[in-house]
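Note that numbering that gives the first Met the number 0 gives residue 273 to position 274 of the sequence shown, counting from 1, and the numbers run on in steps of one.
Ideal Cβ placement from N, Cα and C applies to all residues, glycine included.
Inspection log for the structure reproduced underneath, given as structure tokens.
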Amino acid sequence: MSLLAFDDRDGQIWMNGQLKPWRDCNTHILTHGLHYGSAVFEGNRSYGGKVFKLEEHTERLFASAALMDMKIPFSQQEINEACNRVLEANDIVDGYLRPVAWRGSEMMAVSAQNTKIHVAIAAWSWPAYFKSEAISLGWAKYRRPSPESAPVHAKAAGLYMICTLSKHACEKEGFDDALMLDFRGQVAEATGANVFFVKDGELHTPIADCFLNGITRRTVISLARDLGITVNERVIMPEDLADMQECFLVGTAVEVKPVARVGDYHFQVGDISNQLVDAYSKLVRA
Ligand SMILES: Cc1ncc(COP(=O)(O)O)c(C=O)c1O
0 MSLLAFDDRD GQIWMNGQLK PWRDCNTHIL THGLHYGSAV FEGNRSYGGK VFKLEEHTER
60 LFASAALMDM KIPFSQQEIN EACNRVLEAN DIVDGYLRPV AWRGSEMMAV SAQNTKIHVA
120 IAAWSWPAYF KSEAISLGWA KYRRPSPESA PVHAKAAGLY MICTLSKHAC EKEGFDDALM
180 LDFRGQVAEA TGANVFFVKD GELHTPIADC FLNGITRRTV ISLARDLGIT VNERVIMPED
240 LADMQECFLV GTAVEVKPVA RVGDYHFQVG DISNQLVDAY SKLVRA
């Protein structure tokens with residue numbers, strides 16, 4: 000757990016068009032985003048002072064906002080420039096950026112048509128998400144909802160409620176994270192990352208039809224194909240894990256992270272996982 004609370008740090012945050020001192024970037028308690036989950040966000044990483052796939056992350060921020068009926072009052076180019084300004088202003092080389100957009104305080108009810116859309120971007124230095132070489136996952140308590148139940152392709156704050164609850168429950172049992180099923184009972188993703196398995200030299204990953212088709216997921220699929228590894232996007236049921244030899248998570252924060260265990264299923268940190276860990280680590284620093 001971080002000893003330095005996120006609201007008690009030095010630095011500058013870009014908020015609604017300008018850089019401001021970190022501790023002054025506050026929002027009122029009666030903010031729609033806080034009460035009703037009307038917020039979308041991104042998580043970007045910078046390597047050597049350059050944000051990896053910046054344009055794709057900003058495109059997704061705008062797509063998430065559109066799915067949440069929110070219009071961001073800046074252009075994508077302005078947000079890209081702001082991300083770079085935040086890195087520079089805080090002297091961050093290898094770090095994490097958190098752009099967020101949320102509905103303000105003008106209305107405090109379910110209907111929020113006339114709320115202002117606020118945007119902020121914070122950044123901080125951030126090394127590896129998981130410290131160990133391979134992590135363990137428990138089975139999540141909650142399932143990813145169907146596309147008829149929620150805007151599942153938005154990186155929307157509200158969708159993380161089930162992730163936090165599931166991760167907490169697994170952490171209490173000694174696991175590092177939770178693996179979530181979807182509404183059909185198929186393997187979906189972890190609480191902040193997509194999942195891949197290796198079986199007989201080929202990759203297998205769930206079809207991203209009810210969860211984020213992560214930027215890292217797409218990057219890893221393309222790296223694997225460049226390495227001549229076959230990638231199968233398919234339905235994976237929990238019992239299919241019995242036949243899988245390797246498993247790893249992928250996401251901007253976790254990067255490519257081998258998984259040694261999901262519940263009672265155990266995996267080796269094998270060749271294919273290691274090849275993709277290396278290939279991704281080279282690409283982000285290229
Ligand atoms: C729930 C969830 N799934 C998948 C991902 C991976 O997405 P990306 O690779 O674009 O970071 C993330 C991270 O943003 C996430 O929070």
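| query | What does residue 193 pair with, by DSSP beta-bridge criteria? | reply | 249
| query | CA-CA distance, residue 244 and residue 135? | reply | 15 Å
| task | Put residue 237 into one of helix, strand or coil per three-state DSSP. | result | helix
| message | So residue 195 and residue 234 are supposed to be a Cβ contact under 8 Å. How far apart are they, rounded? | response | At roughly 15 Å, the Cβ-Cβ gap does not stay under 8 Å, so residue 195 and residue 234 are not in contact.
| said: Below 8 Å on the Cβ atoms is my contact criterion, and I expect residue 204 with residue 232 to pass it. Report the Cβ-Cβ distance as a whole number of Å. | reply: 6 Å
| query | At which residues does the alpha helix (DSSP H) containing residue 61 begin and terminate? | reply | 53-66
| field | residue 76 - containing alpha helix (DSSP H), residue span | value | 75-88
| Which term fits residue 0, buried or exposed, when burial requires 16 or more other beta carbons within 10 angstroms of its beta carbon? | Bear in mind that a pLDDT of 49 at residue 0, under 50, signals an unreliable position, so the number given afterwards is only what the model happens to contain. Flag for residue 0 reads exposed.
| said: According to DSSP, residue 231 sits in a beta bridge with which residue or residues? | reply: 203
| task | Flag this pair as touching only if the stretch 247-255 and the stretch 110-130 have three or more C-beta atom pairs under 8 Å; answer yes or no. | result | yes
| message | Considering only heavy atoms of ligand 1, does any lie closer than 6 Å to the CB of residue 191? | response | yes
| task | Taking only the alpha-carbon atoms, compute the straight-line gap between residue 213 and residue 186 and give it to the nearest angstrom. | result | Linking residue 213 to residue 186 through their CA atoms gives a straight-line distance of about 16 Å.
| Buried or exposed by the 16-neighbour rule on C-beta atoms within 10 Å, applied to residue 2 | exposed
| message | Taking 6 Å as the cut-off, is the C-beta of residue 232 nearer than that to any heavy atom in ligand 1? | response | no
| Is residue 94 near ligand 1, with its Cβ less than 6 Å from a heavy atom? | no
| query | Which ranges would you report for the beta strand (DSSP E) in the stretch 92-143 if only whole runs of at least 3 residues count? | reply | Those beta strand (DSSP E) runs which fall completely within the stretch 92-143 and span 3+ residues are 94-102, 116-124 and 134-138.
| request: Output yes if chain C places a C-beta closer than 7 Å to the C-beta of residue 219; else output no. | output: Of the protein chains in this structure there is only one, and it is not chain C.
| message | For residue 283 and residue 46, which I take to be in contact (beta-carbon distance under 8 Å), what is that distance rounded to the nearest angstrom? | response | Here residue 283 really is in contact with residue 46; their C-beta atoms are around 5 Å apart, less than 8 Å.
| Who pairs with residue 171 in a beta bridge, going by DSSP? | Paired residues: none, contrary to the question.
| field | Collapsed DSSP secondary structure at residue 284 in the structure displayed | value | coil
| Can residue 85 and residue 122 be called in contact, C-beta distance under 7 Å? | yes
| When the Cα atoms are used, what is the spatial distance from residue 37 to residue 30? | 9 Å
| Contact under 7 Å by Cβ, residue 139 with residue 259 | no
| request: Please look up how many angstroms separate the CB atoms of residue 271 and residue 206, rounded, as I've assumed it's under 8 Å. | output: Not a contact, Cβ separation roughly 20 Å.
| request: Tell whether a beta-carbon distance below 7 Å holds between residue 39 and residue 62. | output: no
| task | Would you identify the three-state DSSP class for residue 272, choosing helix, strand or coil? | result | helix
| query | How about residue 88 and residue 17: do their beta carbons lie closer than 7 Å? | reply | no
| task | Decide if residue 181 is buried, meaning its Cβ has at least 16 other Cβ atoms within 10 Å, or exposed. | result | buried
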